[in-house]
Structures are given as C-alpha cells and as structure tokens.
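Take 4 as the starting number for the sequence shown in this note's numbering and just add one per residue.
For reference, the structure is listed below as structure tokens.
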Amino acid sequence: MERKMEENTIRDNETGSETGGEDALVGNVNKLMVGPPGYSGAPRKGHLVFDACFESGNLGRVDYISEFEFDLFIRPDTCNPRFRVWFNFSVENVCETQRVIFNVVNFSKTKSLYRDGMSPVVKSTSRPKWQRLPAKNVYYYRCPDHRRNYVMSFAFCFDREDDVYQFAYCYPYTYSRLQHYLSSLERRNLPYLQREQLGLSVQQRRLDLLTITNFDLPSPERGKKLVFLTSRVHPGESPASFICQGVIDFLVSQHPVAQILRDHVIFKVVPMLNPDGVYLGNYRCSLMGFDLNRHWQDPSPWAHPTLHAVKQLIVQMSQDPRVSLEFYIDVHAHSTMLNGFMYGNVFEDEERVQRQAVFPRLLCQNAPDFSFSNTSFNRDVVKAGTGRRFLGGLLDDTSYCYTLEVSFYSYMTAGSTAPVPYTEETYMKLGRNVARTFLDYYKLNNLIRDNRPTHIQSSEVKSQTDDSNGKDDGVGRDAADREMEKCQGVRH
Ligand SMILES: [Zn+2]
4 MERKMEENTI RDNETGSETG GEDALVGNVN KLMVGPPGYS GAPRKGHLVF
54 DACFESGNLG RVDYISEFEF DLFIRPDTCN PRFRVWFNFS VENVCETQRV
104 IFNVVNFSKT KSLYRDGMSP VVKSTSRPKW QRLPAKNVYY YRCPDHRRNY
154 VMSFAFCFDR EDDVYQFAYC YPYTYSRLQH YLSSLERRNL PYLQREQLGL
204 SVQQRRLDLL TITNFDLPSP ERGKKLVFLT SRVHPGESPA SFICQGVIDF
254 LVSQHPVAQI LRDHVIFKVV PMLNPDGVYL GNYRCSLMGF DLNRHWQDPS
304 PWAHPTLHAV KQLIVQMSQD PRVSLEFYID VHAHSTMLNG FMYGNVFEDE
354 ERVQRQAVFP RLLCQNAPDF SFSNTSFNRD VVKAGTGRRF LGGLLDDTSY
404 CYTLEVSFYS YMTAGSTAPV PYTEETYMKL GRNVARTFLD YYKLNNLIRD
454 NRPTHIQSSE VKSQTDDSNG KDDGVGRDAA DREMEKCQGV RH
C-alpha cells in the first residue's frame with residue numbers, strides 16, 4: 004500500500020492527517036483478551052482484557068508485542084479517519100504487580116502537550132477518582148517502527164488483581180453525565196432556571212438549552228442583555244464541559260454576584276452541541292464525520308441538526324428587538340497550549356478592537372489560570388466556518404464573539420515556576436470565574452448599577468480582598484467560591 008509521508012498530508016494541525024488511518028479501524032474493542040500469539044486456551048490471570056464498548060469509549064485495536072508491551076490503536080472518528088486523538092478504554096484480568104508498557108501508535112496530530120509533561124488519566128474500581136499518571140512514566144517520540152509516526156508510550160504497574168483500570172486522554176465527561184447533572188438541576192425547581200429540548204441529534208439524543216435569568220422581573224426591568232454560551236462542539240474536548248458546568252453552577256447559585264446577574268442578564272447555555280460525537284468517543288466530529296465547527300455558514304437540518312437548531316435560535320434572537328445579544332462564547336479545549344485563553348475576531352474599527360479586549364482582560368484579573376497574553380484575534384480562512392467567526396459577522400457591533408480555550412494539560416500562573424496540571428475541579432473553577440466576570444464587565448460599562456445596600460456591597464468586597472491575600476489552592480480559591488458552595492449545597 005502507498006504510504007504517504009506525514010509531512011505531505013498534514014494541512015493545519017486542526018484538520019488532522021491521513022497517516023495511520025488507512026487501516027480503517029471501525030468499532031471499539033469489546034472485552035478483547037490479548038494473549039501471546041497462538042495461545043488458544045482459557046485466559047489466564049495476566050492476559051489483559053481490553054474494552055472500549057462503553058459511552059465515550061475509544062480503542063480500535065491492540066497488538067501484543069510481548070508479555071510486557073502492547074501497541075494500542077485509537078479508533079478514528081466515525082466516518083472520518085483523519086481524526087485520532089481521544090482514547091478511553093478499560094483493562095482487567097491483571098496480575099498484582101504486573102508491569103506493562105502501552106504504546107499509543109496512531110495519533111493524527113504531531114504537536115502535543117505530551118512533550119511538556121502531559122500524561123493520560125487513570126482510575127480503577129477501588130480508586131474511582133481520575134488522576135493523571137506521573138509525567139516521568141510517559142514518553143513521546145517519533146518512532147521508526149510505526150511509519151515514523153509519533154508514539155506516546157506510558158509505563159504502568161497494576162497493583163490490584165480484582166480492579167478494572169480505565170485510561171483516557173483526559174477526564175471524560177459523557178452525555179449521560181450531563182443528563183444526570185441537568186436532571187439534578189431540574190429537580191431543584193429553581194425559579195430562575197428553565198431547561199428545554201432545543202432539538203435532537205442524528206441519533207436522537209437531546210440537544211439541551213438552559214435559560215437562566217430572573218423570570219419574576221417584568222421584561223423591561225430585567226433588561227435585554229443576553230449572553231449565549233455553547234460547548235462540546237468538539238466531542239473529545241471534555242474540559243469544555245467542566246468549564247460549562249462551572250458557569251452554570253455559578254449562575255444558579257445564591258452567590259450575590261449571580262443574583263445581580265440574573266436580575267439583569269438572560270443567560271442561554273447549550274452545554275453539548277455534539278451529543279452523538281461525545282457518546283461515540285469521537286475527538287472532533289459528529290456521527291457522520293463532520294467537524295461541526297466548520298459548518299456554521301450553512302448547516303443542514305438533516306446532516307447537522309444540532310448546529311442548525313442552535314444557529315436558527317441565535318439568528319432569531321439577533322433579530323428580536325426585545326433582546327440584545329451581547330456575548331457569544333463557544334468553549335473548547337486546546338491540545339498544544341497552556342492556560343485558558345480566548346480567540347476573538349479582528350475589526351477595522353480600533354475602538355471596537357479595544358472593546359473586544361475588555362472581557363478577556365477582566366477574566367484575566369479574576370482567573371489566575373487565564374492568560375491574556377495567549378489571547379489572540381484573527382481572521383484565518385480555515386476558521387471561517389466557526390461559530391465565533393460566523394456569528395461575529397452576523398451580530399452587530401455591540402456584540403462580542405469569542406472562542407474560550409483551555410489547555411488539556413496545565414496552566415502557569417504569574418508566580419509559578421512549573422506548570423500546574425488542571426483537575427476536574429480547576430476546570431470548573433475557570434467556568435465560575437468566567438460567569439462572575441460578566442458582572443465586572445457590566446459594572447465597568449455602567450450597564451449594571453449595584454443597587455444593594457452599601458453594607459452588603461462593602462462586606463463582599465472586603466471578603467474577596469481578604470481572600471486574595473490569603474488561602475490559595477493554586478487557582479486562587481476565594482471567598483466567592485466558598486460562599487457559593489455553602490449556598491449551593493449539592494455538589495455534582
Ligand atoms: Zn475545539
């Protein structure tokens with residue numbers, strides 16, 4: 004078979020490459036016992052059993068190299084062999100103290116945070132909290148054995164015979180997890196939260212839309228400001244879901260900032276734009292192999308139904324004189340950069356450029372892991388079909404469209420000497436910080452006056468100031484968050 008050189012087939016690092024995809028792996032391994040070649044007896048302890056037939060699972064093939072070493076093949080996105088990044092699989096039937104090396108041999112990307120210390124995440128039956136493997140056990144290199152593809156190898160020592168181990172590219176956040184979270188929100192009967200089904204995916208999964216605002220206020224008092232947030236158009240970018248949940252958690256909380264925001268702003272959130280892709284364990288595409296974030300210009304109701312529904316709603320709102328759509332933010336995760344940061348659009352009008360930089364600047368003050376210097380504004384041709392670019396052209400000059408990106412791996416803060424790996428919790432924390440930044444934005448622009456009695460305002464300011472010099476768990480855990488957790492009660 005013709006093997007094209009990798010360099011010739013790579014376009015930009017977001018379109019993926021064909022290399023390594025020729026074998027057209029279809030389907031995930033299903034309780035596959037991988038023993039020595041020729042072995043046909045009953046599995047013995049230590050003959051590893053691999054499985055990825057579960058939600059968001061991805062592992063296409065396993066090759067036995069030796070008792071200690073296995074080559075693993077990522078299953079390409081459904082109907083699109085160019086994308087092979089996300090993996091998520093379980094291993095069982097292990098021996099106590101069994102040491103193995105797993106080589107993931109068919110990544111479609113070459114640049115990777117594995118060079119900077121990123122590592123896969125792991126959990127097991129008896130230790131159900133995901134954690135990152137130690138970086139020292141992970142190697143990323145160009146391998147002569149695999150068509151000179153980049154290979155990520157990691158060493159692992161199993162330690163409990165009865166445990167099922169699970170490995171993934173990053174902390175999974177499945178469609179079902181979202182459904183449970185949204186149901187638990189609904190059960191709280193919050194007067195300022197509405198959940199509706201905006202549409203269905205190709206495989207008939209729910210496209211959820213949340214509206215968060217103080218519905219009790221008559222519309223002119225509530226104001227017309229509308230903020231629209233979407234996430235998980237790219238299914239493998241699971242950190243986006245943690246951020247999105249952080250935003251929602253904050254907005255529905257009893258935190259005083261959240262209360263003021265609900266009085267003045269209507270928040271619309273679509274937490275999962277590509278539910279099929281997430282369910283199937285794809286990295287970038289929908290069931291039918293479309294990168295939905297390249298189809299905003301002309302989404303089809305049958306091929307891209309979720310995108311079509313969201314776009315229709317946004318277009319409709321942009322024409323509704325009763326609301327003013329001021330922010331559109333689409334949340335993603337980034338596979339080569341550190342920190343949280345944003346992409347924005349470029350404009351001829353210098354004043355508009357400056358205004359667009361305000362929100363990221365304010366977010367940078369609130370979130371120590373958010374980097375304004377990584378934030379950039381562009382008009383690349385390849386990004387013309389993205390939500391940010393398309394809506395940036397559609398909406399008027401008082402609205403701002405951003406892509407919010409967060410590293411799959413880690414962040415550096417002003418004082419830190421080494422990157423701090425993100426956890427599920429610190430991703431959510433970034434979401435909470437995004438949410439509260441809207442109040443800073445609207446206060447700065449005198450669009451929201453804080454009408455609460457001065458003693459409440461000053462005590463809040465004080466508690467936040469106190470905290471910024473005080474306790475810090477690495478992402479500047481502050482009084483606002485402690486207060487929110489107290490108010491919120493239920494943790495998810
Ligand atoms: Zn993305």
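Ideal Cβ positions, reconstructed from N, Cα and C, are used throughout, including at glycine.
Integer-rounded CB distance, given that residue j should sit under 8 Å from residue i
i	j	result
Ala261	Leu254	6 Å
Gly284	Ser59	5 Å
Ser204	Pro308	6 Å
Tyr172	Gly239	7 Å
Ser327	Leu188	Not a contact, Cβ separation roughly 26 Å.
Phe105	Ser69	Not confirmed; about 12 Å, so no contact.
Leu433	Asp372	6 Å
Asp141	Ser122	Strictly speaking, residue 141 in this sequence is Val, with Asp absent from that position. So it is a contact: roughly 4 Å between Cβ atoms.
Val32	Gly63	7 Å
Proximal residues to residue i (C-beta, below 6 Å), its chain only, five neighbours per side dropped
i	result
His517	Because the chain spans 4 through 495 in this model, residue 517 falls outside it and cannot be assessed.
Asp66	Asp74
Val273	Leu212, Thr233 and Val313
Thr113	Tyr153
Cys160	Arg102
Tyr168	Val94 and Ser127
Gln359	Gly347 and Tyr403
Gly479	Per-residue confidence for Gly479 stands at a pLDDT of 41, beneath the threshold of 50, marking its modelled position as unreliable; the derived number appears in the next sentence. These residues qualify, in order along the chain: Pro371.
Glu199	Leu212
Cys146	Val154
Cβ neighbours of residue i in the same chain (closer than 8 Å, five flanking residues each side left out)
i	result
Asp119	Leu341, Tyr412, Ser413 and Pro422
Arg392	Trp299, Asn348, Arg382, Lys386 and Cys404
Ser462	In this prediction, Ser462 scores a pLDDT of 36, lower than 50, which makes its location untrustworthy; no coordinate-derived value is stated.
Lys132	Lys126
Glu329	Lys228, Leu229, Val230, Thr401, Ser402 and Tyr403
Reduced DSSP category for residue i - H, G, I as helix; E, B as strand; rest coil
i	result
Met431	helix
His149	coil
Asn369	helix
Arg501	Within the shown structure, residues of the chain are numbered from 4 to 495, placing residue 501 beyond reach of any answer.
Ala45	coil
Val88	coil
Leu232	strand
Pro363	helix
Tyr178	helix
Phe441	helix
Glu99	coil
Gln206	coil
Leu201	strand
Val154	strand
Leu520	No answer is possible for residue 520: it lies beyond the span of the chain, which begins at 4 and ends at 495.
Tyr195	coil
Tyr436	In the sequence as presented, Tyr is not what sits at residue 436; that position holds Asn. Of the three classes helix, strand and coil, the one that applies to Asn436 here is helix, per DSSP.
Asn140	helix
Asn106	strand
Asn348	strand
Leu35	strand
Asn61	strand
Asp119	helix
Continuous alpha helix (DSSP H) stretch holding residue i: start and end
i	result
Pro308	Pro308 to Ser321
Cys247	Pro242 to Leu254
Pro278	Pro278 to Leu283
Gln262	Pro259 to His267
The beta strand (DSSP E) enclosing residue i, as first and last residue numbers
i	result
His337	Ser327 to His337
Leu341	First-last for Leu341: undefined, no H or E at that position.
Leu75	Glu72 to Phe76
Ile68	Arg64 to Ser69
Tyr286	From DSSP, Tyr286 is part of no beta strand (DSSP E); its letter is neither H nor E.
Pro131	Arg130 to Arg135
Thr214	Arg209 to Ile215
Lys126	Val124 to Ser127
Val52	Val52 to Asp54
Gln169	Tyr168 to Ala171
Own chain partners of residue i with C-beta closer than 7 Å, once the 5 adjacent residues on each side are dropped
i	result
Ser179	Glu58
Trp332	Note that residue 332 is Ile in the sequence shown here, rather than Trp. Counting only Cβ-Cβ distances below 7 Å, and skipping sequence neighbours, we find Leu232, Tyr405 and Leu407.
Asp279	Ser204, Val205, Gln206, Arg208, Ser289 and Leu290
Leu220	Asp266
Thr440	Phe362, Leu365, Leu366 and Asn369
Cβ-heavy atom distance, residue i to ligand 3, below 8 Å
i	result
Glu240	Ligand 3 is not among the ligands present in this structure, which contains only ligand 1.
If you scan the segment 382–430 from start to end, which runs of the alpha helix (DSSP H) of 4 or more residues do you find wholly inside it?
390–397
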